[in-house]
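See below for the structure under consideration.
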Amino acid sequence: MMKVDSDPFFGDAISTVSRVALNIYDSDFTDLSYPEGRDPGHPILIPLIHAVLWKITGVSLWTSHFFNSLFTIALLLTILKWFKRSEADEYLTFLSWTLILVTPLFLAQTAMLNTHLALTAFVFLAAYAWRFDKRTLFIIASCLAVLTHLQAVFYIIALFLCFALDRLQQSRSKILKADIIDALRWFTPSALIFVLWGIYHYSLEGWAFSSVDYGDHRGFPGFKRFVVNLVLSDWRILDYGQIALVIPAIWIFARTFALRKSYQIWKHPASIFLILYFFNALAISATTTTGPAHRYFLPVLPFLVMASAEAFVRIKLGYRLSLLLVLLSGHFWFYPGKIVGDATLQYRSAIDLLDEVKAEVPGKEVYSFAPLGNPSREMYLKEGVSPLKSLYDQPLNSVSYVLHSNVSGDFSTEELELLRTQWHATSYEKGRIWFNLYANPDSVPDKPEGWQLREPSSAEKWMEGLKKKFKGE
Numbered sequence: 047m048m049k050v051d052s053d054p055f056f057g058d059a060i061s062t063v064s065r066v067a068l069n070i071y072d073s074d075f076t077d078l079s080y081p082e083g084r085d086p087g088h089p090i091l092i093p094l095i096h097a098v099l100w101k102i103t104g105v106s107l108w109t110s111h112f113f114n115s116l117f118t119i120a121l122l123l124t125i126l127k128w129f130k131r132s133e134a135d136e137y138l139t140f141l142s143w144t145l146i147l148v149t150p151l152f153l154a155q156t157a158m159l160n161t162h163l164a165l166t167a168f169v170f171l172a173a174y175a176w177r178f179d180k181r182t183l184f185i186i187a188s189c190l191a192v193l194t195h196l197q198a199v200f201y202i203i204a205l206f207l208c209f210a211l212d213r214l215q216q217s218r219s220k221i222l223k224a225d226i227i228d229a230l231r232w233f234t235p236s237a238l239i240f241v242l243w244g245i246y247h248y249s250l251e252g253w254a255f256s257s258v259d260y261g262d263h264r265g266f267p268g269f270k271r272f273v274v275n276l277v278l279s280d281w282r283i284l285d286y287g288q289i290a291l292v293i294p295a296i297w298i299f300a301r302t303f304a305l306r307k308s309y310q311i312w313k314h315p316a317s318i319f320l321i322l323y324f325f326n327a328l329a330i331s332a333t334t335t336t337g338p339a340h341r342y343f344l345p346v347l348p349f350l351v352m353a354s355a356e357a358f359v360r361i362k363l364g365y366r367l368s369l370l371l372v373l374l375s376g377h378f379w380f381y382p383g384k385i386v387g388d389a390t391l392q393y394r395s396a397i398d399l400l401d402e403v404k405a406e407v408p409g410k411e412v413y414s415f416a417p418l419g420n421p422s423r424e425m426y427l428k429e430g431v432s433p434l435k436s437l438y439d440q441p442l443n444s445v446s447y448v449l450h451s452n453v454s455g456d457f458s459t460e461e462l463e464l465l466r467t468q469w470h471a472t473s474y475e476k477g478r479i480w481f482n483l484y485a486n487p488d489s490v491p492d493k494p495e496g497w498q499l500r501e502p503s504s505a506e507k508w509m510e511g512l513k514k515k516f517k518g519e
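Quick look at the structure:
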């Protein structure tokens, strides 16, 4: 069994959860905001709950991981409830649970402490409530979603599209006054909560939703990058073996649409998956300059596996096993020269390598960019565990040690060239993860004994060259 209860906050879990939760806890709940200059703009419901739990149990990673695991349990129970109310075969529940629990993206995000797992649980609960006409539950779930992450707005709008398409079909393409009133009843509360968060946030920071602290990552990226983002979105949903889920889901959607069962078409998991996926892909592509991450599509995964499960039981055993093998193979997909990210459990090797770096330079400060360059307390909830510091506010030549790896981005071509040609260096590797530790010759005149830099493979060099060409460097 995967043991993650002592895994540190990692990746965006630091910026969206750890920093603000610690800020709330340290202020004894008098400061319900992000630290100054480090605000991504997301609502603070999940960090606030972390801080409350720490107040009860003490500040610990175990507490945070336990809280995070509750969303996985809630999601699985809601899938069970969905199929029961649909009077579907119990085997579909078992198959859906199996598929989602072996999907690399879902496993990776359950191990991490991002807010996307909570967002997924709330969005799915809202869809369940709409599917089975539970308006009060929908209002609660949708309001919790928009208080969890800004991206929730895209998913709630997409659910509104599902709602509208279903009503149009039922009323034979006529918009009825009763449908408009009903839509307001269902969707106004979450919209109001989102606006109230914006007003509260504006009163604190002077801006509502679009972070000025992360301005380089937000906003319309231009038409060319928008198209690139759309292509990347298509790849994100197919990547790491998920193509084995998408193909059966599309087949089931086509089959359901062909049958023309009025109660199924737009309330079917396959339809919900496609609408939520495509709307979110368009919205994300138009509002981010750095491209869509895999986790941005985590909330569509429950609908995808439910639709795929229905397809799996209708196809021959040989095809079923082949698709399952493709999905399982996703755990081992790897691209030389690419930032690994947090879509598979491969990122966890970085945690062990950090211990090796600490042992190599005991008592020394090591600087890096995100997601590595974060203080020990923001990662491990205590001082002295990690030697890492942020390189964003430091000139490269002013520090003694710099850490670069295939889990850390933001190094420029010029910075990497300087490090490789003028600094002392050594490497550490575990699985697919590698770290390059560089020592400034101004601070460490002699190359430490045994230091040796890894040699990139030809595939890695080719990928790096391709990236430079694509970026126009």
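In this text, residue positions in the sequence shown follow our numbering: the first is 47, and each later residue adds one. C-beta: ideal position from N, C-alpha, C; glycine also.
Of the listed residues the options, nearest to residue i (C-alpha basis)
i	options	result
residue 83	223, 76, 66	66
residue 462	249, 442, 427, 260	442
residue 172	187, 314, 165, 152	187
residue 358	70, 53, 145	145
residue 302	476, 353, 164	353
residue 139	223, 273, 126	126
residue 470	134, 283, 371, 496	496
residue 212	179, 335, 479, 147	179
residue 494	508, 501, 472	472
residue 323	304, 110, 296, 227	296
residue 158	189, 54, 143, 403	54
residue 336	290, 274, 347, 311	274
Cβ separation of residue i and residue j, assumed to be a contact under 8 Å, to the nearest whole Å
i	j	result
residue 299	residue 316	4 Å
residue 21	residue 419	Residue coverage of the chain in this structure runs from 47 to 519, which leaves residue 21 outside it and unanswerable.
residue 330	residue 279	7 Å
residue 174	residue 345	That belief does not hold up - the Cβ atoms of residue 174 and residue 345 are roughly 13 Å apart, past 8 Å.
residue 251	residue 383	Contact doesn't hold; Cβ gap of about 38 Å is too wide.
Secondary structure of residue i, DSSP reduced to three states
i	result
residue 47	Because the pLDDT of residue 47 is 45, which lies under 50, any placement of that residue in the model is unreliable, and the number read from its coordinates should be weighed accordingly. Looking at residue 47 - three-state DSSP - the assignment turns out to be coil, as it is neither helix nor strand.
residue 473	strand
residue 71	helix
residue 100	helix
residue 131	helix
residue 485	strand
residue 379	coil
residue 264	strand
residue 435	strand
residue 314	coil
residue 450	strand
residue 414	strand
residue 479	strand
residue 459	helix
residue 182	helix
residue 161	coil
residue 334	strand
residue 497	coil
residue 292	helix
residue 429	coil
Residue-level contact to chain B via CB, residue i, 9 Å cutoff
i	result
residue 226	This model lacks chain B altogether; it includes just one protein chain.
Counted within 10 angstroms of its Cβ, other Cβ atoms place residue i as buried (16 or more) or exposed
i	result
residue 398	exposed
residue 320	buried
residue 149	buried
residue 411	exposed
residue 231	exposed
residue 504	exposed
residue 511	exposed
residue 392	buried
residue 177	buried
Indicate whether the contact test is met: 3 or more Cβ pairs, each with one atom in the region 50-61 and one in the region 416-435, closer than 8 Å. Contact holds: three or more Cβ-Cβ distances are below 8 Å.
Should the region 450-458 be called in touch with the region 473-489, which here means at least 3 C-beta pairs below 8 Å? Judged by Cβ distances under 8 Å, the region 450-458 makes contact with the region 473-489, as three or more pairs qualify.
So, do the region 103-118 and the region 195-214 have three or more beta carbon pairs nearer to each other than 8 Å? Touching, no, given that fewer than three Cβ pairs across the two stretches are closer than 8 Å.
Should the region 225-245 be regarded as contacting the region 362-369, the criterion being three or more beta carbon pairs within less than 8 Å? Between the region 225-245 and the region 362-369, the count of C-beta pairs closer than 8 Å stays below three; the two stretches do not touch.
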